[in-house]
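Q: Residue numbers (the numbering used here): 2 to 98.
All C-beta atoms, glycine included, are put in the ideal place defined by N, C-alpha and C.
Owing to the predicted nature of the structure, the values given are computational and were not obtained by experimental measurement.
First the structure, then my questions, so here it is.
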Ligand SMILES: [Zn+2]
């Protein structure tokens with residue numbers, strides 16, 4: 002891990018950090034599995050460090066709290082996502098490409 006370089010481009014030190022564990026998601030190489038999990042459907046609750054990929058409906062998990070303006074990469078479907086605020090104030094994503 003390169004925590005130091007990550008810290009230097011992190012202007013908001015107040016973000017909560019998360020320990021990720023594998024959840025059995027196996028559609029990406031082992032090294033990346035902990036960054037994704039299968040979405041359980043409408044009753045699933047997303048943590049502050051999780052967001053749903055609108056393309057493939059996989060939950061992307063970050064080591065830190067997700068905020069508006071974050072860019073995320075969904076490896077299972079190779080989409081680049083931008084985190085935006087939805088009309089109801091929750092976080093959602095725009096697909097960049
Ligand atoms: Zn995806």
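1. When you compare the segment 22-32 with the segment 43-52, are there three or more beta-carbon pairs, one atom per stretch, that lie closer than 8 Å?
2. Taking residue 80 as part of the beta strand (DSSP E), name the residues at either end of that continuous run.
3. Can you determine whether any heavy atom of ligand 1 sits closer than 7 Å to the C-beta of residue 15, and answer yes or no?
4. Can you list the residues near ligand 1, meaning Cβ strictly closer than 6 Å to any non-hydrogen atom, in the order they appear in the chain?
5. Which of the three DSSP states is assigned to residue 38 in this structure?
A: This is what the structure holds:
1. no
2. Boundaries of the beta strand (DSSP E) harbouring residue 80: 80-86, taken from the DSSP string.
3. no
4. 54, 56, 57, 59, 75, 77, 78, 80
5. strand
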